[in-house]
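Contents: one structure, followed by commentary.
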Amino acid sequence: MASLGVNIDHIATVRQARRTVEPDPVSYVLLAELGGADGITVHLREDRRHIQDRDVELLRQTVRSRLNLEMAATAEMAAVALRLRPDMVTLVPEKREEVTTEGGLDVAGQGAALADLVGRLQQEGIGVSLFVDPVAQQLEASQASGARWVELHTGAYADAAWSEQPRELARLCEASFIARSLGLRLNAGHGLNYQNVEPVAGIEGMEELNIGHSIVARALAVGLSQAVREMKALVQNPRRDPLFGSLQP
42 MASLGVNIDH
52 IATVRQARRT
62 VEPDPVSYVL
72 LAELGGADGI
82 TVHLREDRRH
92 IQDRDVELLR
102 QTVRSRLNLE
112 MAATAEMAAV
122 ALRLRPDMVT
132 LVPEKREEVT
142 TEGGLDVAGQ
152 GAALADLVGR
162 LQQEGIGVSL
172 FVDPVAQQLE
182 ASQASGARWV
192 ELHTGAYADA
202 AWSEQPRELA
212 RLCEASFIAR
222 SLGLRLNAGH
232 GLNYQNVEPV
242 AGIEGMEELN
252 IGHSIVARAL
262 AVGLSQAVRE
272 MKALVQNPRR
282 DPLFGSLQP
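Structure (structure tokens):
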């Protein structure tokens, strides 16, 4: 049964649109946890477009579930993580011009430098996950880096036309099998919503789904606690849709 990590970046996006003090993402964490969030995820981007350093510092003190810090693999971000010691760090790629993360981390192309960062974080007791595309080469490189988790990038599945979703789901299932055979623990996220989450939640070995935009959007209508409660019900009790067939690789 997968758990649910709630990404609160887009609460901060609303605040930063006016460069004001509200809504304060820190104050919404309690509502997310009351709704059943198993963890809170934030992405401290290098350009600070939404989550700010102050947010992460306060979240480290107030999150009662677990705090997952998404960040680029840079010296600046490593220093932040080593100072604040979140429960988990998820290393992701960043481009200043992108609206949101466009793909997985090129673990295979970063080699020793990435392995060094993974080692430093894990030595300090911080779990490390690598956000990667569902590609065997990247999964093998993730294992070689020493990381214990991977988070599969589900963007291609989420963006696919209805007729193409089964093929993209099959890629995720195959990747999950490869990851588990390599001894990696398995998370997933990006673009998941109330309509497409269940098949991914049902993949064998899936431990956690990180979901943000869809939950925050739903919260505008029903409130954050209820939006989290509805998503968690789908994540923990996914229906087996005949369209997708077996969720085994």
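If you use this note's numbering, the sequence shown corresponds to residues 42 to 290, in order.
Beta carbons are placed, not taken as given, at the ideal position from N, Cα and C, and that holds for glycine.
Residue interval of the alpha helix (DSSP H) (run including Thr131)
Here Thr131 belongs to no alpha helix (DSSP H); instead the beta strand (DSSP E) covers Met129 to Leu132.
Would you say Trp190 and Asn251 are within 8 Å of each other, going by their C-beta atoms?
no
Please name the residue in Ala258, Leu180, His231 and Val62 whose C-alpha comes closest to that of Glu111.
His231
What residue does the beta strand (DSSP E) around Ile252 start on, and which one ends it?
Met247 to Ile252
Flag this pair as yes or no: are the beta carbons of Val173 and Val159 separated by less than 8 Å?
no
If I follow the unbroken beta strand (DSSP E) through Met112, where does it start and stop?
Leu108 to Met112
Drop a sphere of 10 angstroms on the beta-carbon of Ala306, count the other beta-carbons inside from all chains shown, and report buried for 16 or more, exposed for fewer.
Nothing about residue 306 can be reported from this structure: the residues present for the chain run from 42 to 290 only.
Short of 8 Å in beta carbon distance, which residues of its chain neighbour Arg126, apart from the five on each side in sequence? Order them along the chain.
Arg101, Glu165, Gly166 and Ile167
DSSP-derived helix/strand/coil call for Ile81:
strand
Under DSSP, the alpha helix (DSSP H) around Gly196 begins and ends at which residues?
Gly196 to Asp200
Cross-strand partners of Phe172 (DSSP beta bridge):
Glu192
Is it true that the stretch 197-204 meets the stretch 149-163, where meeting means three or more beta-carbon pairs spaced less than 8 Å apart?
no
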